[in-house]
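Q: The sequence shown begins at 2 in this note's numbering and counts up by one.
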Amino acid sequence: MNDIKKTASPRSFVSKINITDKGGFVTNPHTFEEYYVSHVFLKGALDKDTVKVGISETKQFQSTAKIERVLSRYTQTFTAKLFAKKNQLAASIYPYQSKPITIKENLVNASIGDLVKIKIIDWRENHKTAYAKTLSIISSDSDVGSDFLFISGRYGLDDLPIITIKKKEQVKYESMLTNQSTNRVDLTEIPTITIDPDTARDFDDALSIEKKKYGYDLYIHIADVSSYVKEGDLVDKNAKKRANSYYFPEKVFHMLPEILSTDICSLIPGKNRLAFTLKVEMDTSYSIIKHSFFESTINSNERLTYTEVSKVLQGSSSSHHSDSLNMLNELTISLKKKRLNTGLSFTHQETVFIGDQISNINSNLTKEEDSHRIVEECMLIANKIAAREIISFSKKNNLIGVFRNHDIPNQKNEIYIKNIIAKFSKKRSGSKRLTAKLINEFIDKYEGTDLQNIISIILIRRMNKAFYSTKNIGHYGLGFDEYTHFTSPIRRYADLVVHRILKQQLNNLNTLPESVIICNHGERKAKLASRDYIKLKSLKWLDRQGDKTFQGIIINIKPSFVTICETVTEIIGFIDVKTLPRDSYAVSSNRLALVGKFSKNRYEIGSKVDIKIEKIDILNQNVSFRIQ
């Protein structure tokens, strides 16, 4: 009998598509199941278009989603970057178009490199390109701030709905502070501090700690946004559409109206503010005795930066809150030590730009490690306890919740990571289970070295992405059996929903699957926008260096190309195997090296190489290198 591959009958549904650099994402409106659509199956669909999706399943029960046709276009007008294509003016539009755009009418005399508004005049659905006309010039490539305008336009950030809070409404919000205070626990006399970056304007969280006979009382105060923003009101609907705040050096696109984000909801020092507080009672070994959530009124005594806190802990500065900071420092050292028994310890630092220049700000992060740890560990424990609370409540009431999940690496990536560890450790990988302890011990060996960030990049690329879900599967990276997001309701809609669940103030739990999808899309968009901004800055910085030689580290191997991380910007680029010394190359059995058949040249993951720029494509944000 012939071994014929059978597939199930295709299933179809209509959905809006969300497009990223990885492809598209669609959601079945009946099951709320999300599907990935590869670039090759987009069929000319653009972001937020309404599409008909076909789903087929192989005998391995793997689902493949394909766009059958575009039913309607979300918009006719786009922000675009102009470039030359076969002696014609063409446009690159957000996000990562699958359909080329040719400029047929240049009404504003725009030039190559200009950032413009265009309008599609002919979609030519059955042809290879669409046609457009230019409407206005936003900026030229040389203009100050053109990078920000490009990214904000590419992601449609200026088109996000804006709610203007009128004076009458502002007074109403401000009066709520007085009206609600009588029904809350008054914590205004407890010493309370906020710890944030220098540039922070919205303060989601504050901390208090008190020494007790049995140990400690830790208070984690979170801005009580849900008391101001009610489910289904105009501000809530607007926040749900945005799902996240977007942070850039030039501008912040707040999820909430700015008067709420930076003033009324923000835990500003010296002002009474509404908070949703988690009180955690701990013994002298920092084990949790009990906890409780409650609405409170707080008054933060002081706004401290990471730098200021670090100086106090290092003894080079003093503070009225030195005792509290030292107690928080000891507490979080213990919490982190316990967490790393089951969770991972990645310390990757992002590239930071001030203007067009790379900042050395990341060099300060090591010095500020203590202050970052205090905030991080307190927020992690709060999110973990919040997830436990939701699970307990859900089981009793047969309801669903909102969780932040991170799945374990699949078998292929687990083997790869074990091979990486074995290669760098110069030991055989063996059959030992891939545990957090094994990975952490490996990472710790490179702490403080120039390979620290690179090792983290290599490993992170093999990890699954965290996501929101109504089902809890735990968080592999943190080593938690349950986890959610509770601590940032000013800037994340998921956290606002969690607050409502914990307060049992969510009127319609049936909306949770839809909210989870929106939160996943919003988070994805916010991360991509931030990443693309840094990537664009990095590429332009590299382009200005001319024929300079850089150092790169090999982070991945494929038969046709080698993936390189340039060490200054940490931009990821590629080396075409065809540009290597002439030979017949093959990938090693452990997938960690490219080996020449005749020359025996080896290009191994983790190896440092001198590189020069072969080609930079600013428009599509790609770079290729050649080895010196």
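Heads up, the beta-carbon is just placed ideally off N, CA and C, and yes, glycines get one too.
#1: Taking the beta carbon of Leu326 as the centre, do at least 16 other beta carbons fall within 10 Å, making it buried, or is it exposed?
#2: Is Ala530 helix, strand or coil by DSSP?
#3: With the cut-off set at 8 Å, would you say Lys538 and Asp357 are in Cβ contact?
#4: Taking the continuous beta strand (DSSP E) assigned at Asn19, which residues delimit it?
#5: May I ask which residues mark the beginning and end of the beta strand (DSSP E) holding Met380?
#6: Quick one: what's got a C-beta closer than 8 Å to Leu314's C-beta in the same chain, skipping five residues either side?
#7: For Asp123, which of helix, strand or coil comes out of DSSP?
#8: Report the rounded CA-to-CA distance for Gln171 versus Leu261, giving the unit in angstroms.
#9: With respect to the beta strand (DSSP E) encompassing Gln89, which residues constitute its N-terminal and C-terminal limits?
#10: What did DSSP end up calling Asn557 once you bin it into helix, strand or coil?
#11: What's the gap between the Cα of Cys266 and the Cα of Ser297?
#12: Count the other CB atoms, across all protein chains shown, that sit within 10 Å of the CB of Asp611; report buried if there are 16 or more and exposed otherwise.
#13: Taking Cβ to Cβ, would you say Gly698 is nearer than 8 Å to Thr568?
#14: Does the beta-carbon of Leu108 have 16 or more other beta-carbons within 10 angstroms, so that it is buried, or is it exposed?
#15: Quick test of your reading: Ile191 and Ala207, contact by CB under 8 Å. State the CB separation rounded to the nearest angstrom.
#16: When DSSP builds the beta bridges, which residues end up paired with Gln358?
#17: For Ile334 and Ile491, I'd like the C-alpha separation in whole angstroms.
#18: Which complete beta strand (DSSP E) runs does the stretch 584-618 hold, if anything under 3 residues is left out?
#19: With DSSP run on the structure shown, which of helix, strand or coil describes Gln552?
#20: Under a Cβ-count criterion, where at least 16 other Cβ atoms within 10 Å of its own Cβ denotes burial, should Asp123 be classed as buried or exposed?
#21: From Glu58 to Ala66, what does the alpha carbon distance come to, in whole angstroms?
#22: What residue range is occupied by the uninterrupted alpha helix (DSSP H) comprising Asn454?
#23: Restricting to Cα atoms, I'd like to know which of Glu448, Tyr484, Arg340, Leu479 is closest to Ala388.
#24: For Asn273, which beta-bridge partners are listed by DSSP?
#25: Leaving aside the five residues before and after Phe254 along the sequence, list all residues of the same chain whose C-beta is less than 7 Å from its C-beta, in chain order.
#26: Under 8 Å: do the stretch 66-82 and the stretch 27-47 share three or more Cβ pairs, one atom per stretch?
#27: Residues in the same chain with beta-carbon distance under 6 Å from Pro560, minus the five sequence neighbours each way, listed in chain order, please.
#28: May I ask you to list the residues that DSSP assigns as paired with Glu106?
#29: Does the beta-carbon of Thr80 have 16 or more other beta-carbons within 10 angstroms, so that it is buried, or is it exposed?
#30: So Leu543 and Ile502 are in contact, right, with Cβ under 8 Å, and what is the actual spacing, rounded?
#31: Between the C-alpha atoms of Asn508 and Glu524, what's the straight-line distance to the nearest angstrom?
#32: Use the C-beta contact count for His486: other C-beta atoms within 10 angstroms, 16 or more gives buried, fewer gives exposed.
#33: For Lys214, I'd like the list of residues in its chain whose CB is within less than 7 Å of its CB, leaving aside the five on either flank, ordered along the chain.
#34: How many Å lie between Asn19 and Phe347 at the Cα?
#35: Using beta-carbon positions only, say whether Ile556 and Ile628 come within less than 8 Å of one another.
#36: Taking DSSP as the reference, what is the three-state secondary structure of Val27?
A: Once the coordinates are examined:
#1: Translated into the one-based positions of the sequence shown, residue 326 becomes position 325. Classification for Leu326: buried.
#2: Translated into the one-based positions of the sequence shown, residue 530 becomes position 529. Ala530: helix per DSSP, three-state reduction.
#3: As a first step, residue 538 must be located in the sequence shown, where it is residue number 537. As a first step, residue 357 must be located in the sequence shown, where it is residue number 356. Yes, Cβ-Cβ distance for Lys538 and Asp357 is below 8 Å.
#4: The residue given as residue 19 occupies position 18 in the sequence shown. Here the beta strand (DSSP E) through Asn19 covers 19-21.
#5: Against the sequence shown, residue 380 aligns to sequence position 379. Met380: not part of any beta strand (DSSP E); member of the alpha helix (DSSP H) spanning 370-398, first to last residue.
#6: The residue you call residue 314 lines up with position 313 of the sequence shown. Excluding its 5 nearest sequence neighbours in each direction, Leu314 has C-beta neighbours in its own chain below 8 Å: Leu326, Asn327, Asn330, Asp371, Ser372, listed in chain order.
#7: Here the question's residue 123 lines up with position 122 in the sequence shown. Asp123 falls in the strand class under three-state DSSP.
#8: Taking the sequence shown and counting its residues from 1, one reaches residue 171 at position 170. Taking the sequence shown and counting its residues from 1, one reaches residue 261 at position 260. Their backbone Cα atoms lie some 9 Å apart in a straight line.
#9: Residue numbering aside, residue 89 sits at position 88 when the sequence shown is read from its first letter. From DSSP, the beta strand (DSSP E) with Gln89 extends over 89-94.
#10: Locating residue 557 in the sequence shown gives position 556, counting from the first residue. Reduced to three states, the DSSP call for Asn557 is strand.
#11: Taking the first residue of the sequence shown as 1, we reach residue 266 at position 265. Taking the first residue of the sequence shown as 1, we reach residue 297 at position 296. Rounded to whole angstroms, Cys266 to Ser297 spans 13 Å at the Cα level.
#12: The residue labelled residue 611 in the question sits at position 610 within the sequence shown. Exposed is the call here.
#13: This structure gives no information on residue 698, because the portion of the chain shown stretches from 2 to 629.
#14: By 1-based counting over the sequence shown, the position of residue 108 is 107. It is exposed - the Cβ of Leu108 has fewer than 16 other Cβ atoms within 10 Å.
#15: Taking the sequence shown and counting its residues from 1, the one referred to as residue 191 is at position 190. Taking the sequence shown and counting its residues from 1, the one referred to as residue 207 is at position 206. With 8 Å as the limit, Ile191 and Ala207 do not qualify as a contact, their Cβ atoms being about 10 Å apart.
#16: On the sequence shown, residue 358 is found 357 positions in, with the first residue counted as 1. Bridge partners of Gln358: Ile355.
#17: To locate residue 334, count along the sequence shown from 1; it is residue 333. To locate residue 491, count along the sequence shown from 1; it is residue 490. Each residue's alpha carbon lies about 28 Å from the other.
#18: 586-588, 594-597, 603-605, 609-618
#19: Reading the sequence shown from its first residue, position 551 is the one you call residue 552. When secondary structure is reduced to three states using DSSP, Gln552 falls in the strand class.
#20: The residue labelled residue 123 in the question sits at position 122 within the sequence shown. Looking at its Cβ environment, which holds fewer than 16 other Cβ atoms inside 10 Å, Asp123 is exposed.
#21: Numbered from its first residue, the sequence shown carries residue 58 at position 57. Numbered from its first residue, the sequence shown carries residue 66 at position 65. Those two C-alpha atoms are separated by around 9 Å.
#22: Taking the first residue of the sequence shown as position 1, residue 454 is located at position 453. Annotation for Asn454: the continuous alpha helix (DSSP H) segment containing it runs 453-461.
#23: Mapped onto the sequence shown, residue 388 falls at position 387. Taking only the C-alpha atoms, the option nearest Ala388 is Tyr484.
#24: The residue you call residue 273 lines up with position 272 of the sequence shown. Answer is Asn300.
#25: As a working note, residue 254 is residue 253 in the sequence shown. Hits under 7 Å: Leu158, Leu161, Ser246, Tyr247.
#26: yes
#27: Stepping through the sequence shown from its first residue, residue 560 is reached at position 559. Answer for Pro560: Val588, listed in chain order.
#28: Reading the sequence shown from its first residue, position 105 is the one you call residue 106. Looking at the DSSP assignment, Glu106 forms a beta bridge with Lys134.
#29: On the sequence shown, position 79 is the one that residue 80 refers to. Taking a 10 Å sphere around the C-beta of Thr80, we find 16 or more other C-beta atoms and assign the residue as buried.
#30: For the purposes of this step, residue 543 is taken as the residue at position 542 of the sequence shown. For the purposes of this step, residue 502 is taken as the residue at position 501 of the sequence shown. At roughly 46 Å, the Cβ-Cβ gap does not stay under 8 Å, so Leu543 and Ile502 are not in contact.
#31: As a first step, residue 508 is located in the sequence shown; it is residue number 507 there, counting from the start. As a first step, residue 524 is located in the sequence shown; it is residue number 523 there, counting from the start. Computed Cα separation, rounded: 24 Å.
#32: For the purposes of this step, residue 486 is taken as the residue at position 485 of the sequence shown. It counts as buried.
#33: By 1-based counting over the sequence shown, the position of residue 214 is 213. Excluding sequence neighbours, Lys214 sits near nothing in its chain.
#34: Here residue 19 refers to the residue found at position 18 of the sequence shown. Here residue 347 refers to the residue found at position 346 of the sequence shown. Distance between the alpha carbons of Asn19 and Phe347 is about 29 Å.
#35: On the sequence shown, position 555 is the one that residue 556 refers to. On the sequence shown, position 627 is the one that residue 628 refers to. Not closer than 8 Å, so no.
#36: Stepping through the sequence shown from its first residue, residue 27 is reached at position 26. Of the three classes helix, strand and coil, the one that applies to Val27 here is strand, per DSSP.
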